[in-house]
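Please read the structure below before turning to the comments.
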Amino acid sequence: MTEQQAGVRYRPADEVDFVVIGAGAAGGVVARELSRSGFSVVVLEQGPYLRESDFHHDELAVLQLAALTNDFKRSPNTFRLRPEETAKPKNSVQYGRAVGGGTVHFTGNYWRFHEVDFVEHSRKGAVAGANRDDWPITYAELEPYYSRVEWEIGVSGEAGKNPFDPPRSRPYPLPPLPVKSTGVLLERGARKLGLHAAPSPMAILSRPYRGRAACVHCGFCETFGCEMRAKSSTLVTMIPEAEATGRCEIRPLSYVTRIESNAAGRVTGVAYLDAARRQVLQRAKAVVLSANGAESPRLLLNSTAARFPNGLANSSGVVGTHLMFNGGAFAGGLFEQPVNGYRGTVNSRIVQDFYELDAKHGIDGGGGIDFRHDLTPIAFANFGLPMDAPTWGMDYKHMLRDYYTRSVFMLAHTTQLPVPSNAISLDPTYKDAWGQPVIRTTFSDHANDVKLNRFMLDRGMELLDAAGATKTWPFPLEPLFPVVHLLGTCRMGNDPRKSVVDKYHRAHDVPNLFVVDGSSFVTSGRGQPTETIQALAFRASEHIARLAREGALRAGAKRS
Amino acid sequence: MSDDISRRAFVGAAGTIALWLAASPADLLAASNPDQGTYKVLTPDQVAAFDAFAAQVIPSEPGSGGAREANVVRFTDNALASFASDQRPAFTSALASLGRRFASLPPAQQVAAMRALDKSNHDAFEVLRTPVLAGMFANPSYGGNANRTGWKLIGFEDRFSWKPPFGFYDTPTEAARHD
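In structure tokens, the structure reads:
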């Protein structure tokens, strides 16, 4: 079903307490928390409202045809390496486009950030060519909200098994998912090298939880929707709970074009095109922007007004800058016996020994590694074999036959430094199917990150060797576009000249506007940002609700 | 192979498959469960040429089906008539560049013609190779992967519900091995 569901309806002319833009990882949490706190909430979502009956194990439809993600045909992007270049059309960023956002099709890796991720700047010092900063909050301040995420949505894992885990106040609510052959091999390799493999924390149910069924290990997590409701997307957790309050209306197929503001510098409502492309203005007392690290800055930049000539909430000029999406390294390994990595969750063990690198390496940041198999058959035939393998003919056929069930892929997830010129901006030339300027991505790897990815590739290939691979092969190290994990483009901070939102996600320039999603990140962490996005969303919601209750979001209220 | 060349090949393949496979849900519905009657888009000559091409990409062997047994040509005709209709001009021109007599050439000369095309116009070669892979490994509802020929080849079982052990190494004895 793609149409609106039964439940509370607000009229656009009604001034609701909150409009939330985006029904994804963050927007789902914010909608649930604010509606549970007694506020009226309208959630505007660009994509359709799909149900588990809409989810199929159909690689052609889902993976290759972008059934759950932004459609580049209607919504193209442009790309350039450096700000002085003219950007050319290129599919550069990818995000979930459905109620539930990226949590519908994600893999479910739920890594908490570590303490260092919040204070790496003061611990390690400045890096030339990057603009790293400490977060305005610490891991300790965010820890209770990580625990809330894990218990509210259902995360499987095993506390105490990963020696690099940051401190936690509660264990996981669910035991880890079963170890796969890929996980056993990672354990084997790690043991030989003196490293530590631990169960992967995942937002997938290992046991029934809060009325939802446990995972049946179909093997179609990454890029697919879960027909069992075992994947803990906001579609099956936060969104129905928000709707159950009777105060939250989810409006799918609503394409937001502008956040409206008045002469006093306050936001007054949100303009969008509905499914029939009719212009609608939903009035609101306050707005929470949770559209993701590409769409949130795009919308702010597109919402200029006399008082906001450089875009809404952009007196600092920081909106859209410092784009990060996590780096990575990818390699394959062939084993003697069937691994059958296509069955079950994408991975089951991780290694975080390289989360913080020894100073002797001269590399900033770090990463984590998993062994996985996330190439469905068509993708495997296109990209799974070694780069020097034949691409057609009898030898190619035989390699497909011999490699599919016996291959293991090593994926390293790494830091990406915040570089000011890496940015999301509005393309001056190209328009999308709704007549809006398209997303322009400017991105070049920082030299440190290139070194880091090379380092992690080497460590990952050593792990494959140590696990007993009969052959290993690397994949190219450059980022593969379109990229996911869209971070850092409305960074939080205490200084309004250097950041877009304060430590509670309130826009420095606009008292009744909040930006809550991956764009708030000050640093990238080491991959797997979703749990942090949701911990921030729970924390932000608490403060937003408090401010609203105290009347601090009303016109004329003094900003504390 | 240098990093640069391999990188280009990789990105080229990704770009081609994205181009080839970009459709709306309605198109997909139109493409599913095709009948086995006449071809919708391809001419008899094109059917013969593409059948020969596909059979060289994933050849048939005794006991192990290839593109031919998977009905890759049927899948492709069906795709070009629906969700990949915008690929028709590129497909037609790429196929023509193999030469009018391609289907009737001896196998060694077919391989030589394909190598020449791959070298002179890699993108055109990929426009032809990509639907062979999609037709070999996509869900059989689109008319290819007949009798699960592609999935059987690589050992993918479409059971969609598994219990441990999933593979050899997570059997209890193997998982407990500490060597």
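For the protein sequence lines, the chains are A and B, in the order given.
Everything in the first sequence is counted per my numbering, starting at 300 for the first residue and increasing by one.
Everything in the second sequence is counted per my numbering, starting at 44 for the first residue and increasing by one.
Glycine included, each C-beta is placed from N, C-alpha and C at the ideal position.
Residue i - DSSP class collapsed to helix/strand/coil
i: M501 (chain A); result: strand
i: N591 (chain A); result: coil
i: S107 (chain B); result: strand
i: T567 (chain A); result: strand
i: T771 (chain A); result: strand
i: N190 (chain B); result: helix
i: E540 (chain A); result: helix
i: T406 (chain A); result: coil
i: R586 (chain A); result: First, the amino acid is wrong: residue 586 (chain A) is Val here, not Arg. It is a strand residue.
i: A97 (chain B); result: helix
i: T216 (chain B); result: helix
i: V154 (chain B); result: helix
i: P388 (chain A); result: strand
Segment limits, beta strand (DSSP E) that includes residue i
i: R252 (chain A); result: With chain A represented from 300 up to 859, any question about residue 252 (chain A) goes unanswered, as that position is not in the structure.
i: E761 (chain A); result: Run containing E761 (chain A): none in the beta strand (DSSP E); it sits in the alpha helix (DSSP H), 746-765.
i: T556 (chain A); result: 554-560
i: F813 (chain A); result: 812-814
i: E548 (chain A); result: 547-550
i: L633 (chain A); result: 626-633
i: Y649 (chain A); result: The question names Tyr, but residue 649 (chain A) is Ile in the sequence shown. Its beta strand (DSSP E) spans residues 648-650.
Range covered by the alpha helix (DSSP H) that runs through residue i
i: S252 (chain B); result: Nothing can be reported for residue 252 (chain B): it is not among the residues displayed for chain B, which extend from 44 to 222.
i: Y444 (chain A); result: 438-448
i: E169 (chain B); result: 165-180
i: G488 (chain A); result: 480-492
i: E830 (chain A); result: 829-848
i: V418 (chain A); result: 414-423
i: R117 (chain B); result: 115-123
When the options are compared against residue i, the one with the closest alpha-carbon
i: F405 (chain A); options: A:R557, A:Y394, A:E414, A:R411; result: A:Y394
i: F479 (chain A); options: B:Y212, B:T216, B:A167; result: The residue asked about is misnamed: residue 479 (chain A) is Lys in this sequence, not Phe. The candidate whose alpha carbon is nearest that of K479 (chain A) is B:Y212.
i: A722 (chain A); options: A:A768, A:V783, A:G787, A:F682; result: A:G787
i: Q651 (chain A); options: A:L494, A:G545, A:M501; result: A:L494
i: P736 (chain A); options: A:H355, A:S647, A:N376, A:A360; result: A:N376
i: P551 (chain A); options: A:V341, A:V749, A:R758; result: A:V341
i: Q578 (chain A); options: A:R739, A:I738, A:S336, A:W733; result: A:W733
i: A95 (chain B); options: B:F180, B:A156, B:D161; result: B:A156
i: Y654 (chain A); options: A:A496, A:P474, A:E358; result: A:A496
i: A593 (chain A); options: A:V782, A:N811, A:T533; result: A:V782
i: R422 (chain A); options: A:G428, A:D433, A:G683; result: A:D433
i: P208 (chain B); options: B:R202, B:A218, B:M179, B:G142; result: B:A218
i: I738 (chain A); options: A:N390, A:E540, A:E351; result: A:N390
i: F780 (chain A); options: A:G626, A:T771, A:N408; result: A:G626
i: P500 (chain A); options: A:S819, A:G817, A:N408, A:S818; result: A:N408
i: V555 (chain A); options: A:L776, A:L600, A:V515; result: A:L600
i: T385 (chain A); options: A:R848, A:Y309, A:D726, A:G337; result: A:D726
i: V116 (chain B); options: B:D88, B:K206, B:L148; result: B:D88
i: E755 (chain A); options: A:R576, A:P382, A:Y729, A:A628; result: For the record, residue 755 (chain A) in the displayed sequence is Met; it is not Glu. M755 (chain A) has its Cα closest to that of A:A628, out of A:R576, A:P382, A:Y729, A:A628.
i: L333 (chain A); options: A:D316, A:A322, A:E344; result: A:D316
i: Q715 (chain A); options: A:V329, A:G667, A:T704, A:T690; result: A:G667
Euclidean distance between Cα positions of residue i and residue j
i: E419 (chain A); j: T822 (chain A); result: 9 Å
i: S446 (chain A); j: S724 (chain A); result: 35 Å
i: F417 (chain A); j: I436 (chain A); result: 7 Å
i: A65 (chain B); j: D370 (chain A); result: Note that A65 (chain B) scores 40 on pLDDT, short of 50, meaning its location in the model is unreliable and no value can be drawn from it.
i: L572 (chain A); j: S455 (chain A); result: 39 Å
i: Y641 (chain A); j: R671 (chain A); result: 9 Å
i: A124 (chain B); j: D166 (chain B); result: 21 Å
i: T522 (chain A); j: L367 (chain A); result: 8 Å
i: S67 (chain B); j: K372 (chain A); result: The predicted model places S67 (chain B) with a pLDDT of 44, which falls under 50 and marks its position as unreliable; any figure quoted below should be read in that light. Roughly 10 Å separates the two Cα atoms.
i: I320 (chain A); j: V569 (chain A); result: 9 Å
i: D663 (chain A); j: D757 (chain A); result: 16 Å
i: R143 (chain B); j: A159 (chain B); result: 15 Å
i: E559 (chain A); j: Y803 (chain A); result: 22 Å
i: V403 (chain A); j: Q99 (chain B); result: 39 Å
i: I843 (chain A); j: K530 (chain A); result: 28 Å
i: V815 (chain A); j: A502 (chain A); result: 20 Å
i: G109 (chain B); j: W772 (chain A); result: 26 Å
i: F338 (chain A); j: A847 (chain A); result: 9 Å
i: K206 (chain B); j: V645 (chain A); result: 14 Å
i: L196 (chain B); j: R700 (chain A); result: 6 Å
Every unbroken beta strand (DSSP E) inside the segment 666-736 of chain A [3 residues or more]: Runs of beta strand (DSSP E) with 3 or more residues, each lying fully within the segment 666-736 of chain A, are found at 666-671, 706-713, 722-730, listed in chain order.
Ranges of the alpha helix (DSSP H) found wholly within the segment 313-376 of chain A, counting only runs of at least 4: For the alpha helix (DSSP H) assignment, the uninterrupted runs of no fewer than 4 residues enclosed by the segment 313-376 of chain A are, from N- to C-terminal side, 324-335, 358-361.
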